[in-house]
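J.: So that we are looking at the same thing, I have put the structure below in structure tokens.
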Ligand SMILES: N[C@@H](CCC(=O)N[C@@H](CS)C(=O)NCC(=O)O)C(=O)O
């Protein structure tokens with residue numbers, strides 16, 4: 001799979017839905033899991049976010065990924081993409097149809113975005129005690145919500161868009177721990193709902209398909225984070 005950087009021409013339109021993504025991007029990862037779950041036959045291109053192609057700004061003025069392209073339709077912003085895919089490919093549901101449950105899931109995503117994702121991103125370069133404690137406290141609230149829902153997944157009996165969004169981020173934690181040689185542990189009892197969820201998500205076939213497609217595992221994630229910490233991100237880490 002080619003990596004598109006500054007100077008790379010924009011690829012020709014695809015007859016399939018196309019995701020502009022990056023191997024290690026947690027926002028894109030959630031979208032990829034969801035596309036797999038919906039059984040969408042899609043293709044993807046890797047964007048070099050350290051040296052972006054000029055045309056990226058034409059398809060998303062924010063210059064960010066993920067971006068979904070289906071024919072002439074181009075949609076950016078992760079949460080908007082989830083909604084778009086739900087409407088576009090309704091056969092396999094990944095969001096509640098009940099308005100209240102849907103509202104609760106949207107609030108969950110909003111809070112995850114507000115309190116967790118930025119802190120995990122900060123931990124890549126600054127794994128300070130303060131950042132670690134903050135992330136642990138947010139995961140504790142998530143553990144509580146999981147306990148209150150009382151289901152295997154946030155989405156009920158199988159993962160939905162909220163599970164996949166969250167997984168894209170929490171999956172990074174073990175690689176961050178390894179890259180920085182951090183010793184913090186989330187207690188198995190105190191975080192028992194969270195751990196039960198982690199064990200089940202780790203076995204999800206759509207997540208595992210994605211790991212295979214993009215050659216992702218703890219070792220290459222750790223190598224990627226080490227390269228980021230050293231100032232020269234290696235998007236091909238582990239390939
Ligand atoms: N609000 C966007 C944020 C996406 C985002 O931050 N993507 C990262 C993935 S690496 C990115 O494109 N960063 C490059 C940049 O912001 O210049 C979303 O939810 O999709």
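Residue numbers (the UniProt record's numbering): 1 to 239. No residue lacks a Cβ here, since even glycine has one placed at the ideal position from N, Cα and C. All values reported here derive from a predicted model rather than from experimental measurement.
Given a cut-off of 8 Å on the beta-carbon distance, is the pair residue 164 and residue 30 in contact?
T.: A contact, by the Cβ cut-off of 8 Å.
J.: When every heavy atom of ligand 1 is checked, does at least one fall within less than 7 Å of the C-beta of residue 64?
T.: Yes, the Cβ of residue 64 comes within 7 Å of a heavy atom of ligand 1.
J.: Where does residue 213 sit, in a helix, a strand or coil, going by DSSP?
T.: Residue 213: helix per DSSP, three-state reduction.
J.: Would you kindly report the start and end of the unbroken alpha helix (DSSP H) that includes residue 138?
T.: It spans 129-149 - the alpha helix (DSSP H) in which residue 138 sits, taken as one unbroken run.
J.: With a threshold of 7 Å (Cβ to nearest heavy atom), would residue 69 be considered close to ligand 1?
T.: Outside the cutoff, so no.
J.: Need the endpoints of the beta strand (DSSP E) that residue 194 sits in, please.
T.: First-last for residue 194: 192-202, but that is the alpha helix (DSSP H), not the beta strand (DSSP E).
J.: Per DSSP, what are the beta-bridge partners of residue 45 in this structure?
T.: Paired residues: 20.
J.: Would you kindly report the start and end of the unbroken alpha helix (DSSP H) that includes residue 65?
T.: Premise fails: residue 65 is in no alpha helix (DSSP H) and is neither H nor E.
J.: If contacts are defined as beta-carbon pairs under 8 Å, then residue 136 and residue 184 qualify, I think. What distance do you get, rounded to the angstrom?
T.: At roughly 7 Å, the Cβ-Cβ gap stays under 8 Å, so residue 136 and residue 184 are in contact.
J.: Below 7 Å, is the gap between the Cβ of residue 25 and the nearest heavy atom of ligand 1?
T.: Yes, the beta carbon of residue 25 sits closer than 7 Å to at least one heavy atom of ligand 1.
J.: Please classify residue 21: is it buried, with 16 or more other beta-carbons within 10 angstroms of its beta-carbon, or exposed?
T.: Residue 21 is buried by the Cβ-count criterion.
J.: The beta strand (DSSP E) that contains residue 80, what's its start and end?
T.: Where residue 80 is concerned, there is no enclosing beta strand (DSSP E), although the alpha helix (DSSP H) it sits in stretches over 78-88.
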